[in-house]
Amino acid sequence: MIDTIILKFPIGKFYIEDISKFGTTKPEIVNGKEFYKKYYNNPDDSSLLERGYQPRLTLYRRGRVIELKIEFSAPKILFSNNLNELEDSDLNLLVSKLKRQIEARGVRISIDDILNAEVSAFHASKNIKLKKGYTSIAVIRELSKINLTQKLDMDHKDFRNGGHSLQYYAKSHALVLYDKVRDLKKPDKRAIDKENKINQLSLFEYLANKNLPEIVRIEARLSQKQKMNSVLKKLGLPEHPKLKDIFKKDVCQKIVSHYWEEMILDGNTFLFQPLNNPQRIIQLIIKKDKNIKPKEVIYLAGLYIIVKDLGIRELRLILSQLSSQRSWYRIADDFKKLKLARYQHEWVNEIKDAIKKFEPLIINGP
Numbered sequence: 001m002i003d004t005i006i007l008k009f010p011i012g013k014f015y016i017e018d019i020s021k022f023g024t025t026k027p028e029i030v031n032g033k034e035f036y037k038k039y040y041n042n043p044d045d046s047s048l049l050e051r052g053y054q055p056r057l058t059l060y061r062r063g064r065v066i067e068l069k070i071e072f073s074a075p076k077i078l079f080s081n082n083l084n085e086l087e088d089s090d091l092n093l094l095v096s097k098l099k100r101q102i103e104a105r106g107v108r109i110s111i112d113d114i115l116n117a118e119v120s121a122f123h124a125s126k127n128i129k130l131k132k133g134y135t136s137i138a139v140i141r142e143l144s145k146i147n148l149t150q151k152l153d154m155d156h157k158d159f160r161n162g163g164h165s166l167q168y169y170a171k172s173h174a175l176v177l178y179d180k181v182r183d184l185k186k187p188d189k190r191a192i193d194k195e196n197k198i199n200q201l202s203l204f205e206y207l208a209n210k211n212l213p214e215i216v217r218i219e220a221r222l223s224q225k226q227k228m229n230s231v232l233k234k235l236g237l238p239e240h241p242k243l244k245d246i247f248k249k250d251v252c253q254k255i256v257s258h259y260w261e262e263m264i265l266d267g268n269t270f271l272f273q274p275l276n277n278p279q280r281i282i283q284l285i286i287k288k289d290k291n292i293k294p295k296e297v298i299y300l301a302g303l304y305i306i307v308k309d310l311g312i313r314e315l316r317l318i319l320s321q322l323s324s325q326r327s328w329y330r331i332a333d334d335f336k337k338l339k340l341a342r343y344q345h346e347w348v349n350e351i352k353d354a355i356k357k358f359e360p361l362i363i364n365g366p
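The sequence shown begins at 1 in my numbering and counts up one residue at a time.
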């Protein structure tokens, strides 16, 4: 469903009762000499321990324009964790609780204005239980081997934390896959979810003592409004959405499915074939093309074995020292010939099925 959301409110849609909570004064806000200035109203650790998870508030001044940004994790507002997932019917409860938390920070906003607030960024996500003995780390390692498509304009890859997390990202958006349970155990600087571990610890300590399936998280982060609107438009969804427009199962499902299909599966399905025996690989190559020459068989079999082991991006990095970009594209075109089997690892089908159904994951804690 949905996780992180950033809302923006223009002046007139919010009222600040206690400006000191932003570390400033009204005269400074109105008459400050700096053209651009930010004022923060964020919870500290003692406040988190006392009141639980809370949103982060930032007041912006650009010349004479003043607006308020509110950033929060929707499931953490209701559950104090983002392992449990929300449903469409949770919207009113979420808004009511968010309103109370904002008021506790010295700001008043009506429920109607929250529901109709401008969304500047949000993260669509899905937590998926893996079955049949698969582990999150094994799945993420396999996914790290894909050929990063240029369709989504992503230019960076980050594979870290001992294989527990994988990020493909650009400035405007990102696709993040990680082991949700193990991520909590990481130090804040290394964790993917850096926000408010304090109030999630009890649940994850409880989970640590349970024999539960592995949980891998897929998160599509639309970090800039222009990119968010372009993705929504491509998927046939309304641009310039309000909170009530994005808090929907079908919206998040379409976004997660789009990133999974376009980025992970497109052109990469051969990597997920459970074929490792060289003799069997050669047999399937010959079966696919009865007229293939022996030299081509050896080349394709070697290419298949190498990319299955190293990954496509690593192979490209090695070959970049020896050949031109054009030569690499000719090699990459041969990946089409490596789709040798109709079946894939079962975990691929598990993820596909979970995204297709998009049923909320609920873990009952202590």
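Using N, Cα and C, we set each Cβ at its ideal position, and we do this for glycine too.
Item: Close beta carbons around N41, own chain, < 6 Å, minus the five adjacent residues each side; Value: K21, F22, L57 and R105
Item: Exposure of N196, with buried meaning 16 or more beta-carbon neighbours within 10 Å; Value: Confidence is the limiting factor: at N196 the pLDDT is only 45, short of 50, which leaves the residue's position unreliable and the question unanswerable from this model.
Item: Burial state of P278 (16 or more Cβ within 10 Å); Value: exposed
Item: Straight-line Cα distance separating A174 from I263; Value: Looking at the sequence itself, residue 263 is Met, so the reference to Ile does not match. Cα to Cα, the separation comes out at about 11 Å.
Item: Best match in Y178, T4, K339 and K69 for proximity to Q367 [C-alpha to C-alpha]; Value: The structure shown does not extend to residue 367, since the chain is modelled only from 1 through 366, so no value can be given for it.
Item: Under the three-state DSSP convention, the category I264 falls into; Value: helix
Item: Nearest to G311 (by Cα), restricted to the options Q321, L148 and R221; Value: L148
Item: Length-filtered (3 minimum) beta strand (DSSP E) runs lying within the region 284 to 327; Value: none
Item: Which of helix, strand or coil DSSP assigns to P10; Value: strand
Item: Contact check, R182 vs N127, beta carbons under 8 Å; Value: no
Item: Local conformation of D3 per DSSP, three classes; Value: strand
Item: Segment contact flag, the region 4 to 11 with the region 60 to 75, C-beta cutoff 8 Å, min 3 pairs; Value: yes
Item: Status (buried if at least 16 other CB within 10 Å, exposed otherwise) for H240; Value: exposed
Item: Rounded separation between I111 and L265 - CA only; Value: 41 Å
Item: From I318, Q253 and T269, residue whose alpha carbon lies closest to that of P360; Value: Q253
Item: L340 Cβ short of 7 Å to the ligand MN heavy atom set; Value: Ligands displayed in this structure: none; no statement on the ligand MN is therefore possible.
Item: Expected contact under 8 Å - CB spacing of I255 and A220 to nearest Å; Value: 5 Å
Item: Among I29, I281, S257 and F270, the one whose alpha carbon lies nearest that of L235; Value: S257
Item: Top-ranked residue by Cα proximity to H345, from L275, I298, S327 and L303; Value: L275
Item: D353 versus L83, L222, S96 and E261, residue with shortest Cα-Cα distance; Value: E261
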